[in-house]
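What follows is a single structure, written as structure tokens, with notes after it.
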Amino acid sequence: MKIVFFDIDGTIYHLRLGIPEDTAEALEALHSRGVLIGLCTSRSLAYIPSELKKISFDVLITSNGARVQVGDDVIKERLFSVNQVKPLLSLIQSHHLVPMLCGPRYVLYDEHILTTQVDSWINLTRKSLDSNFRPLNAYTEDIPVDKICVKVPAD
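Heads up, this note's numbering is the position in the sequence shown plus 5, with the first residue counted as 1.
Written out as structure tokens, the structure is:
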């Protein structure tokens with residue numbers, strides 16, 4: 006058995022350009038030769054652009070390894086508890102930093118704070134999230150979080 010893993014950003018995908026046609030063809034060619042293809046990324050599952058979700062990856066390693074999925078089976082998932090998330094959010098915000106909660110279903114952030122002045126890519130990011138975006142204040146204990154990102158606002 007052979008398997009090849011790919012990263013997303015700047016490897017098989019560009020936020021402005023998407024996935025190049027020849028890259029999609031190469032991934033399909035690997036599959037047709039019986040080679041398994043995997044995605045290994047720091048992005049959470051919800052943060053993977055819909056264009057990439059159309060590719061049949063055999064393995065997904067997301068959120069820096071916090072979640073591992075083989076086919077339809079999740080074989081590892083390390084989630085933050087609400088008792089961990091709430092104090093971390095308070096701490097991050099108390100230092101005037103910008104939090105982003107990421108998980109297998111949603112990416113949550115405050116659109117009024119996380120603007121292009123903080124992250125020049127955020128408008129393209131928001132567009133690529135489709136229905137996976139939720140406002141930060143919608144966070145509840147039933148929304149799984151496996152990664153917390155912190156952005157530093159411009160002075």
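Backbone N, C-alpha and C define an ideal beta-carbon position, used for all residues, glycine too.
Predicted model, so just to flag it, every value in this text is computed and none were measured.
Asked                                                                                                        : Found
Quick one, which of LEU65, SER86, GLY70 has its alpha-carbon nearest GLY76's?                                : LEU65
Please name the residue in ASP63, TYR52, PHE11 whose C-alpha comes closest to that of PRO134.                : Here residue 134 is Leu; the residue named in the question, Pro, does not match the sequence. If we check each option's Cα against that of LEU134, TYR52 comes out closest.
Given this structure, state the Cα-to-Cα distance separating GLU116 from GLN122, to the nearest angstrom.    : 12 Å
Please confirm whether any heavy atom of the ligand HEM lies closer than 8 Å to the CB of THR46.             : The model depicted lacks the ligand HEM and carries no ligand whatsoever.
Strictly by DSSP, which residues pair up with LEU35?                                                         : None; LEU35 has no bridge partner.
Straight-line CA distance for TYR144 to THR46?                                                               : 23 Å
Note the first and the last residue of the continuous beta strand (DSSP E) segment covering ILE127.          : ILE127 -> not in any beta strand (DSSP E); alpha helix (DSSP H) instead, spanning 127-134.
Quick one: using the 10 Å Cβ neighbour count with 16 as the cut-off for buried, is GLY108 buried or exposed? : buried
Measure the alpha-carbon distance for ILE13 versus LEU129 and round it to whole angstroms.                   : 15 Å
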